[in-house]
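Step one of this worksheet: look at the structure below.
Chains as they are written, first to last, in the working numbering: chain D, 3 to 161; chain A, 179 to 670.
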């Protein structure tokens, strides 16, 4: 069995994902409200109203509680001397291995919500792909970015 | 300065213009057809303005294209200076581009019909940086002598660089020796056309045109004709269908000949040169060290007859986005394929024994399909009750193809080389070296985890987005071996 990767996303990351979930749910709630309004207004069968509410509740529970939890538990990463390994996914867990030699540049980015929580995303680009480690504490993200770019510089193509 | 400044051939103005017009054709045809072919040129008639305005716009745009073509030719200048190819163009916004000769990866030639009339050539200059599908510079039309001069200058600089770095260039003489790797005969081309799916494509195209022109076809008349036609018996129907296929086949042979006529692969000084084309001649150069991966693509028909297509994934594109995959051998017998490849890329081991997915993985290939098959079958059965149940038969081809995918999948590791085999409908054998892999992913769903099964996917650079290959539902143990194999690259 392969060893579990060492680092997890900070707990605050989960909170932010939940917050995103709240926004998504609000949007769904709006649609449900429109649906209920139309049902009442045009005297459609009550069943439609019922289904809309159930869908709304399911969307809320999954996108606020369940999915962020699973995703948070799956997200792990490790930056070693010669490679970066990232594990992510909801139902399908993907483990990505990026040789350090292939890293072309590293970015950190931070939107308004992430800024409020003092978090930042790191994205690692190779010549063909881009990989993201999300929701790191800003200072950690900056350190990690510096470390990756340092390691990528010294990594030599020995093949 | 002693440098000569060169212009493009004046024909390039016309070529630019025609290129612009080509983009206009489709919207023009759409509007023309939408109007029902009856344009009125009488100002008193109703709908005159509605008809004439688009026409005016089109003629206006074509005039603009004509002028921009002329201006582009007028302002375009290139010259050689300080071991660089320098290009400037533009009227209001002047663009200057200096390309050092030793950065030039390849010069690709293209001769369209216009070019061939004046024995000109279009030269596309590519560097390592031009991965976004756009070449560094395009010289729309220059004489062949001028093209040779560019090539000569480039080589001259590269050779002096080689000598400076202490490497002895093997030949001091001017003509570099080249050896022919592959050439396609007319018989090969016919075979290529026959086994390609273009027969189907042509048939589909005819069908699409027919449905588009449905208004023009008097269907009632056709139906009467057809019903009387059936009375003549099955033989004639069969002959007609056969004739239709034969016609489609002829068209596809014709298309293949236009595209692939005189297909030749030549190796010259660590570069591959691929030439092809009947009306429009193309010449693509790929430096061998820019090759990222080799792909064997066998569609079921070709696999049956033991033929394969060999495609090269190159870091630099051929001609724009559509050609980022460069076909090395459009059609070659599997027995003969290894010899030229061995000669070309001796570092690879071509024929390897594969490690297959375990037996327990078999259900994973087709299980997912029930997710979308079930609803379709249920809906069809419910709404089209008696006949809809037949949709159940859909399961058969889907399961068969999944089963075939299971049978085809496999991988092999040989030193620094990874071979992945998988099937969509064609079987794809993907051969890549460790130092070309940009990223590797292993994927595992909850169900796969329970049975210790996982899938693997590798991505290499190819054009801008890269391209990936996968092998699904291998033993978890095997995917871990592959992952560790990539890790080890730097630890050794």
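Ideal Cβ positions, reconstructed from N, Cα and C, are used throughout, including at glycine.
Residue i and residue j closer than 7 Å at C-beta
i              : j              : result
residue 304(A) : residue 314(A) : yes
residue 453(A) : residue 371(A) : no
residue 318(A) : residue 472(A) : no
residue 109(D) : residue 125(D) : yes
residue 76(D)  : residue 95(D)  : yes
residue 519(A) : residue 590(A) : no
residue 507(A) : residue 595(A) : no
residue 616(A) : residue 17(D)  : no
residue 505(A) : residue 515(A) : no
residue 254(A) : residue 189(A) : no
residue 648(A) : residue 538(A) : no
residue 98(D)  : residue 644(A) : no
residue 34(D)  : residue 54(D)  : yes
residue 7(D)   : residue 112(D) : no
residue 438(A) : residue 367(A) : yes
residue 191(A) : residue 251(A) : yes
residue 444(A) : residue 380(A) : no
residue 85(D)  : residue 658(A) : no
residue 597(A) : residue 530(A) : yes
residue 168(A) : residue 287(A) : Beyond the ends of chain A as shown, which are 179 and 670, falls residue 168(A); an answer cannot be given.
residue 336(A) : residue 280(A) : yes
residue 660(A) : residue 634(A) : yes
residue 10(D)  : residue 82(D)  : no
residue 285(A) : residue 321(A) : no
residue 51(D)  : residue 72(D)  : no
Contact list for residue i against chain D, beta-carbon separation under 9 Å
i              : result
residue 644(A) : 128, 129, 130, 131
residue 637(A) : 128, 130, 131
residue 665(A) : 82, 84, 85, 87, 99, 101
residue 661(A) : 4, 87, 97, 99
Cβ neighbour criterion (16 or more within 10 Å) applied to residue i
i              : result
residue 203(A) : exposed
residue 5(D)   : exposed
residue 360(A) : buried
residue 256(A) : buried
residue 399(A) : exposed
residue 351(A) : Bear in mind that a pLDDT of 44 at residue 351(A), under 50, signals an unreliable position, so the model cannot answer this.
residue 2(D)   : There is no way to answer for residue 2(D), as the model of chain D reaches only from 3 to 161.
residue 358(A) : exposed
residue 242(A) : exposed
residue 554(A) : exposed
residue 621(A) : buried
residue 484(A) : exposed
residue 406(A) : exposed
residue 521(A) : exposed
residue 19(D)  : buried
residue 208(A) : exposed
residue 656(A) : buried
residue 542(A) : buried
residue 101(D) : buried
residue 599(A) : buried
residue 578(A) : exposed
residue 356(A) : exposed
residue 107(D) : exposed
Proximal residues of chain A, C-beta to C-beta of residue i below 7 Å
i             : result
residue 93(D) : 623, 624
residue 13(D) : Near residue 13(D) there are no residues of chain A at all, since even the closest Cβ is about 24 Å away, more than 7 Å.
Within chain D, partners of residue i - CB distance below 8 Å
i              : result
residue 284(A) : Within chain D, no residue comes near residue 284(A); the closest Cβ sits about 18 Å away, beyond 8 Å.
Chain A residues whose Cβ lies nearer than 9 Å to that of residue i
i              : result
residue 70(D)  : Those within 9 Å of residue 70(D) in chain A number zero; the least Cβ separation is about 17 Å.
residue 100(D) : 616, 617, 618
Contacts that residue i makes with chain D (C-beta to C-beta distance below 7 Å)
i              : result
residue 305(A) : None at all; the shortest Cβ gap to chain D is about 14 Å.
residue 598(A) : Correct list: empty, because the minimum Cβ distance to chain D is about 15 Å.
Contacts that residue i makes with chain A (C-beta to C-beta distance below 8 Å)
i              : result
residue 104(D) : 615, 616, 617
Residue i at chain C interface by Cβ criterion, 7 Å
i              : result
residue 260(A) : Protein chains D and A are contained in the structure displayed, whereas chain C is not.
**Item:** Within the region 436 to 466 of chain A, ranges of the alpha helix (DSSP H) (whole runs, at least 4 residues)
**Value:** Qualifying alpha helix (DSSP H) stretches: none in this window.
**Request:** Would you list, in chain order, the members of the region 73 to 90 of chain D that have their beta-carbon closer than 8 Å to a beta-carbon of chain A?
**Result:** Legend: CB atoms of the region 73 to 90 of chain D lying less than 8 Å from CB atoms of chain A belong to residues 83, 84, 85.
**Prompt:** Residue ranges of each beta strand (DSSP E) run of no fewer than 3 residues wholly in the region 234 to 272 of chain A, ordered along the chain?
**Reply:** Secondary structure within the region 234 to 272 of chain A: the beta strand (DSSP E) runs of 3 or more consecutive residues, fully enclosed, are 255 to 259, 262 to 267 (chain order).
**Request:** Would you mind listing the alpha helix (DSSP H) stretches within the region 56 to 114 of chain D that are 4+ residues and don't spill past its ends, in chain order?
**Result:** The region 56 to 114 of chain D contains these whole alpha helix (DSSP H) runs: 69 to 76.
**Asked** Whole alpha helix (DSSP H) runs in the region 529 to 598 of chain A with 4 or more residues, listed along the chain?
**Response** Counting only runs of 4+ residues, the alpha helix (DSSP H) found wholly inside the region 529 to 598 of chain A occupies 540 to 545, 547 to 561, 563 to 566, 573 to 586, in chain order.
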